[in-house]
Amino acid sequence: MIPENSLAPVKDFRMYRRNLPHWEYPGSVYFITFRTVDGFTLSDSAKNITFASIKFHADKKYKLNACVIMEDHVHSILQPLEESGGAFYSIAQITHSIKSYSANRIQRLLNRNGKVWLDENYDRIVRDDDEYLEKMDYVIYNPLKAGLVEKPEDYRWLFFEGSD
18 MIPENSLAPV
28 KDFRMYRRNL
38 PHWEYPGSVY
48 FITFRTVDGF
58 TLSDSAKNIT
68 FASIKFHADK
78 KYKLNACVIM
88 EDHVHSILQP
98 LEESGGAFYS
108 IAQITHSIKS
118 YSANRIQRLL
128 NRNGKVWLDE
138 NYDRIVRDDD
148 EYLEKMDYVI
158 YNPLKAGLVE
168 KPEDYRWLFF
178 EGSD
């Protein structure tokens, strides 16, 4: 969501493209998805590592609203925090921290080399309260839709505001 208290000057808006377009607007909330490489499924131990990696940077690099770790993908809703001098952590910095650390730990755990995560991630600025609630529902109910649990709180690798 675009911050209500003030709009950053247009010059602070960043856009870049890899395979997908990426837009960044300081102070915004983002819905982010990243996937494992084809054929790689996260074990419970690998999910633990990824979950811990996401939670480690919460309140340091971003405000974490929600996240869920599934067998081959991760969803999160977060808001980058100010790094210094009015500059905010970028989505690229945040996802690199999570993916790099968790991939190294997972590779050591499994005694393997090679990629764990696809390079690209999907990220979207959450534009309003309705979209925020839609994305929160999507994250929270993802394990139910996959038939993994009957209640969201039964899924170990789910975090959302107020669940701790």
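Each residue of the sequence shown is one higher than the one before, counting from 18 in the numbering used here.
Backbone N, C-alpha and C fix where the C-beta goes; we use that ideal spot for every residue, glycine too.
Roughly how many angstroms separate the alpha carbons of Ser119 and Gln96, rounded to a whole number? Taking C-alpha positions only, Ser119 is separated from Gln96 by approximately 20 Å.
Determine the contact status of Met183 and Ala75, defining contact as a CB-CB distance below 7 Å. What is shown of the chain runs 18 to 181, which leaves residue 183 out entirely.
By Cβ distance below 6 Å, which residues in the same chain neighbour His92 in space, the five residues on each side in sequence not counted? Only residues of its own chain outside the window of five on either side were considered, and among them Thr50, Val85, Val156 have a CB closer than 6 Å to the CB of His92, listed in chain order.
When the Cα atoms are used, what is the spatial distance from Met87 to Tyr158? Met87 and Tyr158 have their alpha carbons spaced roughly 12 Å apart.
Option nearest Phe68 by Cα separation, candidates Thr112, Phe105, Glu100, Val54: Thr112
Can you give me the start and stop residues for the alpha helix (DSSP H) that Ser119 sits inside? 108–127
Where Leu98 sits in the DSSP three-state scheme: coil
Have a look at Lys77 and Asn138 and give me their C-alpha separation to the nearest angstrom. Here the alpha carbons of Asn138 and Lys77 stand approximately 21 Å from one another.
Short of 7 Å in beta carbon distance, which residues of its chain neighbour Thr58, apart from the five on each side in sequence? Order them along the chain. If the five residues before and after Thr58 are omitted, its C-beta is found closer than 7 Å to the C-beta atoms of Glu88, Asp89, all from its own chain and listed in chain order.
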